[in-house]
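Notes follow once the structure below has been shown.
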Ligand code: IYR
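In this note's numbering, the protein residues as written are 110 to 328.
Here's what the structure looks like:
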């Protein structure tokens with residue numbers, strides 16, 4: 110039997126809804142992915158609150174199939190940078206198709222990833238393909254990619270809202286994260302979120318987002 114409790118819903122006046130919707134857009138549209146990070150420290154409590162936001166995300170059957178490893182240890186960051194750069198070297202000088210490299214050209218990315226050591230936090234996000242309880246019994250999770258993607262989106266929005274910058278980094282393949290961070294085999298690395306303040310001289314590519322009429326149809 111489901112245990113149903115009253116919804117704690119707060120309704121706003123329509124005018125206030127308009128304002129809130131616009132203000133949230135104004136806040137979110139200022140977010141940029143950056144690749145030049147300052148090494149300036151970030152208080153742990155700020156990141157913790159943002160992780161609490163991620164943990165509120167909806168998930169398939171409320172299984173919450175995610176695990177976040179917050180890396181601030183310099184030695185571990187160095188190991189991650191070494192392993193990531195090794196994969197990226199192979200990607201940029203072999204694995205990537207020329208179509209893919211052309212698509213990346215406007216971003217100016219290459220195999221060098223100094224931000225993996227510069228930034229105060231690397232958040233390695235793992236997706237639990239299935240769960241394992243204390244007795245070693247396995248159970249299924251549902252819509253794992255969707256669930257972890259939503260939680261990651263919440264986390265990126267929360268970090269931006271708090272005044273921090275992020276980079277969604279996906280070295281591919283990134284199985285090395287399991288060994289370096291000692292995560293079990295039911296957890297798959299989903300992405301590596303680089304978190305911190307932008308460097309003083311941080312620059313970003315001149316990109317634009319699609320207009321609403323390009324991405325939305327009303328029926
Ligand atoms: N993982 C590589 C390549 C890369 C791929 C995509 I798709 C991007 O949007 C950006 C980079 C790297 O991090 O450089």
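Glycine included, every Cβ here is placed at the ideal spot set by N, Cα and C.
- By the 16-neighbour rule on beta-carbons within 10 angstroms, residue 136 is exposed.
- Short of 6 Å from the beta carbon of residue 265, and not among the five residues preceding or following it, lie these beta carbons of its own chain, in chain order: 275.
- Boundaries of the alpha helix (DSSP H) around residue 285: 285–289.
- In the structure shown, residue 201 falls within a helical segment according to DSSP collapsed to helix, strand and coil.
- Under the 8 Å Cβ criterion, the segment 139–151 does not count as touching the segment 235–247, having fewer than three qualifying pairs.
- DSSP places residue 249 within a strand segment (E or B) once states are collapsed to three.
- Pairing residue 234 with residue 261 gives a Cβ-Cβ distance under 8 Å.
- Membership of residue 162 in the alpha helix (DSSP H) is indicated by the continuous run 153–163.
- Taking all protein chains shown into account, residue 291 has fewer than 16 neighbouring C-beta atoms within 10 Å of its C-beta and is therefore exposed.
- Taking 7 Å as the cut-off, one finds no heavy atom of the ligand IYR near enough to the beta carbon of residue 285.
- Short note on residue 275: C-beta not closer than 7 Å to any heavy atom of the ligand IYR.
- The shortest CA-to-CA distance from residue 258 to any of 206, 134 and 169 is the one to 169.
- Residues 269 of the same chain have their beta carbon placed closer than 7 Å to that of residue 140, with the five preceding and five following residues left out of the count.
- Within the same chain, 239, 240, 241 and 295 come within 8 Å of residue 247 by CB-CB distance, once the 5 residues on both sides are set aside.
- Residue 230 has 304 as its beta-bridge partners, per DSSP.
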